[in-house]
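Asks: Provided herewith is a single structure, encoded as structure tokens, for subsequent inquiry.
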Amino acid sequence: MELIDAVLGLQDDLVAEYRQAAGMFGELARIEALLAETYRDRVQYELLQNSDDAGSRSVEIEVSSSGRVVWRNDGRAMTGDDASALCRSASSTKTRGDTIGYRGIGFKSLAAVASRITVATAGCAFTFDRQAAAELLTTAGHHAGIHDVPLVRLPTAVTRTPNPFGAGVTFTIDPHSPNLPVLGPIDPIALLFLRTIESVTIHTDGRTHQYRAVRNEQQLELHWDDRVAHFVVLTGTSATVALPLNAQAVSLCTARGRLACFLPLNDRIGAPLVVSGDLLTDPSRTHATVADPSTTAVLQDAAAILANELRNPASAWFDRAWELMTIMEDPRSLLATGGISAEQSFLTALREELRHASIPFAVAPFAVPDEDLTIIFPAGAPRALYDQTNIGTARALRVAFGLPNLDVGPVLGQVVTSLSPATQSAAAQYVTEHLRALGRSATPVEQMVLDTIQNAAPAELGHCAAERAEPAPPRQVALREGFADVMQRWRTAEVAVMDWLNARGWDLKDVSKQNLGYDLVGVDNTGIAVMLEVKKVDRPDARFSMTNNEMGAIEAEPGQYLLAIVIGDGRYARLMLLDPKDRALPRERVCRAWEWQFTAWAEYGQFVDE
1 MELIDAVLGL
11 QDDLVAEYRQ
21 AAGMFGELAR
31 IEALLAETYR
41 DRVQYELLQN
51 SDDAGSRSVE
61 IEVSSSGRVV
71 WRNDGRAMTG
81 DDASALCRSA
91 SSTKTRGDTI
101 GYRGIGFKSL
111 AAVASRITVA
121 TAGCAFTFDR
131 QAAAELLTTA
141 GHHAGIHDVP
151 LVRLPTAVTR
161 TPNPFGAGVT
171 FTIDPHSPNL
181 PVLGPIDPIA
191 LLFLRTIESV
201 TIHTDGRTHQ
211 YRAVRNEQQL
221 ELHWDDRVAH
231 FVVLTGTSAT
241 VALPLNAQAV
251 SLCTARGRLA
261 CFLPLNDRIG
271 APLVVSGDLL
281 TDPSRTHATV
291 ADPSTTAVLQ
301 DAAAILANEL
311 RNPASAWFDR
321 AWELMTIMED
331 PRSLLATGGI
341 SAEQSFLTAL
351 REELRHASIP
361 FAVAPFAVPD
371 EDLTIIFPAG
381 APRALYDQTN
391 IGTARALRVA
401 FGLPNLDVGP
411 VLGQVVTSLS
421 PATQSAAAQY
431 VTEHLRALGR
441 SATPVEQMVL
451 DTIQNAAPAE
461 LGHCAAERAE
471 PAPPRQVALR
481 EGFADVMQRW
491 RTAEVAVMDW
501 LNARGWDLKD
511 VSKQNLGYDL
521 VGVDNTGIAV
531 MLEVKKVDRP
541 DARFSMTNNE
551 MGAIEAEPGQ
561 YLLAIVIGDG
571 RYARLMLLDP
581 KDRALPRERV
591 CRAWEWQFTA
601 WAEYGQFVDE
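Residue 477 in full-length UniProt numbering is what sits at position 477 of the sequence shown, and the numbering runs on without skipping anything.
Set out below in structure tokens:
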């Protein structure tokens, strides 16, 4: 049967149904209005999924100045069953799993924005128009008002006409108002998991925008507006995971990632990647129903896919997966949030996967250069975890996901003589600080690590090149002694810093006992009001903390707030000034301890020397 005959037969059937139950059409009109409002922000995605389910490779969209939209695809033409599914409610010819859409109500979303819809396909054209439908029903013997008729119910103006665009389907959509656009923006992520569509072209206001998906085995490129996002697509039992491979792809995912049911949802998953699967969504198709078994299965499978990349150094995407983990938001806070969300469910599943995985490396408490990683972890280790800028992040990942922690003594004791001097020094410094914090003596293995550098030259204070400040001209007190001499003369670092700087033209007084959020207050050698918080550490970049009271003083108190860092003891003691407001300065929020911790800070400060 030709489509035109099927549509005319469908029209007769619907008119007959109206004669038998005229009030039903009014109820359907009200239900349609509710459904349309629920879906109205996703009209473009509903049409996109219809085109993909029809096997289209390209979609072309024209938006005129009046707001009229012409949407055409090159997929298969409609059949009589397809036309019936458009007119009926929740009567789709699609099945879940075989197609993206299957509920049979997505097309009804057009009722929220359209006053008239014309469909052209398979040599036939027909129109959905409330006014024309009401007139047709009235001539059949029952008066019908336009508010008593659903928009997408009764096909009218059924004619035989060649499809001007060849195969496929063309929708011409007249809007309610030019001020009410039919289509919202299309997120490039929408092309990631479509099954057949390769290009979407939009003509509007004299300009043309094109989105293209270029698939090549596992990898996929998204092209739009002269930008290219590269992804690798990994598939599992019920989930598909897209890992971003360049900055444009990461910007689409964001640090908290995206969740999709083939087309993008508004949910996040807590890591910079995109997860898609046949999961259950709410009626608006904007959020996943997290408690549903299908959603749980997708999130758990996605976690297993990612965990397999993270624990396997032989994987081609091992290093990239860990690079992405280091740019995610602190997973400890995301896991601690209340309620059930897709984000929390995914991260919890990932934590369980990693806790039970055999991981051939461990998180180190200090930076390790690439050449030493292969010595310490011969089976392989991700470079990103051992970069100096990621040490705080690596610690957060270790705590959140139960990653192995490097036992410095036993592990390095076997290979310490093969390591670079920088790693030997970092290991020895860590062991010394660790023993001091625990209040115990070194084990034989730990002592061997310490003895490795015993005959080396006295420890250099700092492995980062720090800019040296020009000596400040004296204003009141002549320069007499070095900072190390002052430190040996005074019991507390606060008094030593005050005496040292006052001798160089500053005018400071000690307020450390008043709990103001800083230890010294006054003016510097140029007359600028200044507050100093004094911190004492063993070496540059050693960890120190700032309390909420101190951080609050930075923001609330007038004047310049500086950190005076006293580095080392005895004849190696030096003083460095550091601006904690420097946005480039790395810091880590430690929520449970209610403090901020600083590690890689030495390159941002200035030594105050003779």
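Glycine residues also receive a C-beta, built at the ideal position from the N, C-alpha and C atoms.
Between Ala6, Ala229, Leu48, Arg153, which lies nearest to Thr170 when the distance is taken from Cα to Cα?
Replies: Cα-wise, what sits closest to Thr170 is Leu48.
Asks: For Ala459, which of helix, strand or coil comes out of DSSP?
Replies: Low per-residue confidence applies at Ala459: pLDDT is 44, beneath 50, and the placement is therefore not dependable, though the value from the model is reported in the following sentence. Ala459: coil per DSSP, three-state reduction.
Asks: Going by the DSSP bridge assignment, what does residue 616 pair with across the sheet?
Replies: Summary: the structure shown does not reach residue 616, with the chain confined to residues 1 through 610, and so no result is reported for it.
Asks: Under the rule that 16 or more other beta-carbon atoms within 10 Å means buried, what is Gly517, buried or exposed?
Replies: So Gly517 counts as buried.
Asks: Terminal residues of the continuous beta strand (DSSP E) containing Leu14?
Replies: Taken as a continuous stretch (DSSP letters only), Leu14 belongs to no beta strand (DSSP E), being part of the alpha helix (DSSP H) at 3–20.
Asks: Between Asp301 and Ala239, how many whole angstroms is the CB-CB distance? I'm expecting something under 8 Å.
Replies: Confirmed, about 4 Å.
Asks: Using the C-alpha atoms, what's the distance from Leu577 back to Arg468?
Replies: With a pLDDT of only 37 at Arg468, under the threshold of 50, the placement of this residue in the model should not be trusted; the figure read from the coordinates follows. In a straight line, the C-alpha of Arg468 is about 11 Å away from that of Leu577.
Asks: Whole angstroms are fine: how far does the CA of Thr254 sit from the CA of Thr432?
Replies: If I take the Cα positions, the gap works out to 40 Å.
Asks: Classify Pro244 as buried or exposed, calling it buried when 16 or more other Cβ atoms lie within 10 Å of its own Cβ.
Replies: Pro244 is buried by the Cβ-count criterion.
Asks: Could you tell me the distance, in whole angstroms, from the CA atom of Gln424 to the CA atom of Leu450?
Replies: Whole-angstrom Cα-Cα distance: 9 Å.
Asks: Which word fits Gln219, buried or exposed, when buried means at least 16 other C-beta atoms lie within 10 angstroms of its C-beta?
Replies: Exposed.
Asks: Starting from Arg258 and walking both ways along the beta strand (DSSP E), at which residues does that stretch end?
Replies: Segment 258–261, the beta strand (DSSP E) holding Arg258.
Asks: Looking at the structure shown, is Met328 part of a helix, part of a strand, or coil, going by DSSP?
Replies: Looking at Met328 - three-state DSSP - the assignment turns out to be coil, as it is neither helix nor strand.
Asks: Is the region 314–334 touching the region 389–398, taking contact as three or more C-beta pairs under 8 Å?
Replies: Contact between the region 314–334 and the region 389–398 is present, because at least three Cβ pairs lie under 8 Å.
Asks: Take Ala157 as the anchor and find which of Asp174, Thr118, Ala190, Asn312 has the nearest alpha-carbon.
Replies: Measuring from the Cα of Ala157, the nearest candidate turns out to be Thr118.
Asks: Classify Gly101 as buried or exposed, calling it buried when 16 or more other Cβ atoms lie within 10 Å of its own Cβ.
Replies: With a pLDDT of 45 at Gly101, under the threshold of 50, the modelled position of this residue cannot be trusted, and the question is left open.
Asks: What whole-angstrom Cβ distance do Thr140 and Tyr18 have, given they're in contact under 8 Å?
Replies: It should be noted that the sequence gives Ala, not Thr, for residue 140. About 7 Å; that satisfies the 8 Å criterion.
Asks: Using 8 Å as the threshold, is the region 202–217 in touch with the region 52–70, meaning 3 or more CB pairs across them?
Replies: The answer is yes - the region 52–70 touches the region 202–217, with three or more Cβ pairs under 8 Å.
Asks: Who pairs with Trp224 in a beta bridge, going by DSSP?
Replies: Note: Trp224 sits in a beta bridge opposite Tyr211, Arg227.
Asks: When the Cα atoms are used, what is the spatial distance from Met531 to Arg587?
Replies: Using only the alpha carbons, I get a separation of about 20 Å.
Asks: Which residue comes first and which comes last in the beta strand (DSSP E) that contains Glu62?
Replies: Where Glu62 is concerned, the enclosing beta strand (DSSP E) stretches over 58–63.
Asks: Is Ser520 helix, strand or coil when you go by DSSP?
Replies: Per the sequence shown, residue 520 should be read as Leu rather than Ser. It is a strand residue.
Asks: Nearest to Leu265 by CA position, among Thr289, Thr161, Ala271, is which residue?
Replies: Among Thr289, Thr161, Ala271, the Cα nearest to that of Leu265 is on Thr289.
Asks: Under the assumption that Val113 contacts Pro175 (Cβ atoms under 8 Å), give the Cβ distance between them as a whole number of angstroms.
Replies: With 8 Å as the limit, Val113 and Pro175 qualify as a contact, their Cβ atoms being about 6 Å apart.
Asks: Mapping the DSSP letters down to three states, classify Ile567 as helix, strand or coil.
Replies: Three-state result, Ile567: strand.
Asks: Could you pull the start and end residues of the alpha helix (DSSP H) that Ser294 belongs to?
Replies: It spans 293–310 - the alpha helix (DSSP H) in which Ser294 sits, taken as one unbroken run.
Asks: Between which two residues does the alpha helix (DSSP H) holding Asp52 run?
Replies: That run of the alpha helix (DSSP H) goes 43–53.
Asks: Cα-Cα, which of Ala553, Asp74, Glu46 is closest to Leu183?
Replies: When only C-alpha atoms are compared, the closest one is Glu46.
Asks: Once the 5 residues before and after Pro458 are set aside, which same chain residues still bring their CB inside 8 Å of it?
Replies: Any reading at Pro458 is ruled out, since the residue's pLDDT is 44, under 50, leaving its predicted position unreliable.
Asks: What are the start and end residues of the beta strand (DSSP E) that includes Trp506?
Replies: Segment: none, Trp506 is in no beta strand (DSSP E) and carries neither H nor E.
Asks: Using a Cβ-Cβ cut-off of 6 Å (strictly less than) and excluding sequence neighbours within five positions of Ala381, which residues of its own chain qualify?
Replies: Excluding residues within five positions, the ones whose Cβ falls inside 6 Å are Phe361, Leu373.
Asks: What alpha helix (DSSP H) runs, 4 residues minimum, are completely inside the region 326–407?
Replies: Qualifying alpha helix (DSSP H) stretches, in chain order: 331–336, 342–355, 370–376, 391–401.
Asks: Buried or exposed for Val7, please, with buried defined as at least 16 other CB atoms from any protein chain shown within 10 angstroms of its CB.
Replies: Buried, since its Cβ has 16 or more Cβ neighbours within 10 Å.
Asks: Quick one: what does DSSP say Thr547 is sitting in, helix, strand or coil?
Replies: The answer is strand: DSSP assigns Thr547 an E or B state.
Asks: Taking the alpha-carbon positions, what's the Cys87 to Arg258 distance?
Replies: Each residue's Cα considered, the two are about 34 Å apart.
Asks: Using the C-alpha atoms, what's the distance from Glu221 back to residue 613?
Replies: A question about residue 613 goes unanswered here, because the residues of the chain that appear run from 1 up to 610.
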